[in-house]
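Beneath this line is the structure, given in structure tokens, with notes to follow.
Residue numbers (full-length UniProt numbering): 1 to 503.
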């Protein structure tokens, strides 16, 4: 029997919270959810990557074998790559040094990389800004030392265990410089011409930024802001085992990128409809207030899902079986085909004189639960930072009780999938705010981490166990709540196996 060919494009659909709104009801509001599904991608289909690792080697990295653990993890990371992938290594303390330019991970390349890694020694201060900008300079060079063109997937991984105390040390100036670094580079599919060859697509690929905060003395807010700006992820690395887990999760994602520069246009689809809000942390541009918006969604890994919840208002209308509310237009670079692709869909509801169907869409409700959880975590962290741990805990506890009641009313099983994950994360974050000492050593980082996870629908949990990874269900299942795809699980399992062998 021949193998069935699966689609290699993004799938776009949408759903309305309700099916009907009475025709005479004026200024009625409801929600529309836009849903995007990424295709699968196996190892033979993936595109090669260019990866710049920016490693903190300040004096504090010598404590508790942190630097040695990072060096072991970097060696593992290189071994996961193919001969078409490239890696560069930038190290920083007071000074910044690119000890390895982007180098193909052939046998000789891996040998050279491991030699450079072994030679790293702890130094002095923490010039985080210098390391970051040196990494960006290296990844954005138009040509590679081997004579080839940049690979389609380009990323910078920044690791630190402390606060910046050399170079640019304040968050706002650092982020301002970071913005200027990106200002001359296109970020959306709209900014690109359709590539006539894979080489052209490679030259125009974006650069993602991932940040890793090691221990309890780093600036989680700054690292999250850097990763948000670079369409990447912030990882909280609390323990020795978490180093390999964090890098493996990140690498597994980069090895499974299927779409980049994803741009979603959100437009009203008929007169009398107005967009009140688009609930996302992603960058968005207002074309026409209330009528037309553009949201930049970054990239997608294989099997990942993205949901965009739009709050709309509609005026009274004549009786009709179908009133269009919102149109969604998707445009992106398909990494698997090196082509720009587009697709579109529209949401609609009925406007009868009398509402006969009062059912509510469960898919929309679940997205509201996800976003409410992420927003509550952000709010609780603000309250804790203002010295009100009790208010933050109370907020999370109240939402947990509210969600449990909602799950019961909807007939949802709170012991599996997204429902299980949301409740577990809320309880975990409450525990992480139990005392000021606990909050300072773990809570502030954990809240930052979990909020970003649920806002972006992308995994970054370094407290995942070997058993969890080995037994986790497929990401594509509606019962999943971890946002982790198959490639991430495989790489993480191998990293955890390595850790178990070394202990």
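Backbone N, C-alpha and C define an ideal beta-carbon position, used for all residues, glycine too.
Being a predicted model, the structure only gives us computed values, none of them experimental.
Simplified DSSP state of residue i, which is helix, strand or coil
i: residue 410; result: helix
i: residue 101; result: strand
i: residue 146; result: coil
i: residue 42; result: coil
i: residue 332; result: strand
i: residue 63; result: helix
i: residue 238; result: coil
i: residue 351; result: strand
i: residue 179; result: helix
i: residue 297; result: strand
i: residue 287; result: strand
i: residue 231; result: coil
i: residue 208; result: strand
i: residue 194; result: Unreliable positioning characterises residue 194 in this predicted model, as indicated by a pLDDT of 37, which lies under 50. A coordinate reading is not provided.
i: residue 279; result: strand
i: residue 491; result: helix
i: residue 340; result: strand
i: residue 461; result: coil
i: residue 321; result: strand
i: residue 444; result: helix
i: residue 19; result: coil
i: residue 366; result: helix
i: residue 274; result: strand
i: residue 245; result: helix
i: residue 257; result: strand
Distance between residue j and residue i (C-alpha atoms, nearest Å)
i: residue 133; j: residue 28; result: 49 Å
i: residue 135; j: residue 297; result: 23 Å
i: residue 163; j: residue 95; result: 15 Å
i: residue 178; j: residue 456; result: 21 Å
i: residue 242; j: residue 121; result: 21 Å
i: residue 238; j: residue 289; result: 43 Å
i: residue 119; j: residue 158; result: 19 Å
i: residue 126; j: residue 228; result: 22 Å
i: residue 161; j: residue 26; result: 55 Å
i: residue 302; j: residue 453; result: 17 Å
i: residue 108; j: residue 100; result: 13 Å
i: residue 292; j: residue 264; result: 11 Å
i: residue 202; j: residue 145; result: With a pLDDT of only 38 at residue 202, under 50, the local geometry of the prediction cannot be trusted, and the value read off the model is given with reservation. Whole-angstrom Cα-Cα distance: 16 Å.
i: residue 156; j: residue 139; result: 7 Å
i: residue 362; j: residue 86; result: 44 Å
i: residue 170; j: residue 320; result: 57 Å
i: residue 437; j: residue 130; result: 31 Å
i: residue 196; j: residue 65; result: Annotation note: pLDDT 37 at residue 196 (below 50); position unreliable, coordinate value reported separately. In a straight line, the C-alpha of residue 196 is about 49 Å away from that of residue 65.
i: residue 342; j: residue 176; result: 33 Å
Which listed residue (the options) has its alpha carbon closest to that of residue i
i: residue 31; options: 492, 37, 312; result: 312
i: residue 111; options: 145, 265, 75; result: 75
i: residue 245; options: 417, 72, 279, 343; result: 72
i: residue 208; options: 250, 354, 343; result: 250
i: residue 464; options: 488, 443, 127; result: 488
i: residue 284; options: 276, 295, 333; result: 295
i: residue 460; options: 307, 128, 425; result: 425
i: residue 405; options: 423, 288, 182; result: 423
i: residue 45; options: 259, 68, 69; result: 259
i: residue 482; options: 345, 304, 377; result: 304
i: residue 20; options: 354, 407, 496; result: 354
i: residue 310; options: 256, 17, 234, 145; result: 17
i: residue 322; options: 165, 351, 374, 331; result: 351
i: residue 484; options: 139, 421, 149, 66; result: 421
i: residue 329; options: 24, 8, 23, 36; result: 36
i: residue 114; options: 256, 349, 342, 88; result: 88
i: residue 356; options: 23, 376, 233; result: 23
i: residue 447; options: 280, 220, 341; result: 220
i: residue 315; options: 415, 97, 275; result: 275
i: residue 117; options: 68, 378, 384; result: 68
i: residue 300; options: 347, 252, 327; result: 252
i: residue 92; options: 79, 105, 55, 84; result: 55
i: residue 211; options: 255, 385, 395, 52; result: 52
i: residue 504; options: 57, 33, 256; result: Summary: the structure shown does not reach residue 504, with the chain confined to residues 1 through 503, and so no result is reported for it.
i: residue 349; options: 342, 341, 358; result: 358
i: residue 233; options: 213, 240, 10, 217; result: 213
i: residue 266; options: 240, 307, 231; result: 307
Bridge partners - residue i, DSSP secondary structure assignment
i: residue 34; result: 14, 308
i: residue 216; result: Answer by DSSP bridge pairing: none, since residue 216 is not bridged.
i: residue 92; result: 56, 96
i: residue 50; result: 86, 154
i: residue 262; result: 298
i: residue 28; result: 314
i: residue 346; result: 327
CB contact below 9 Å: residue i versus chain C
i: residue 40; result: Absence of chain C from the displayed structure is noted, only one protein chain being present.
| field | Whole runs of the beta strand (DSSP E) within the region 370-435, excluding any shorter than 3 residues | value | none
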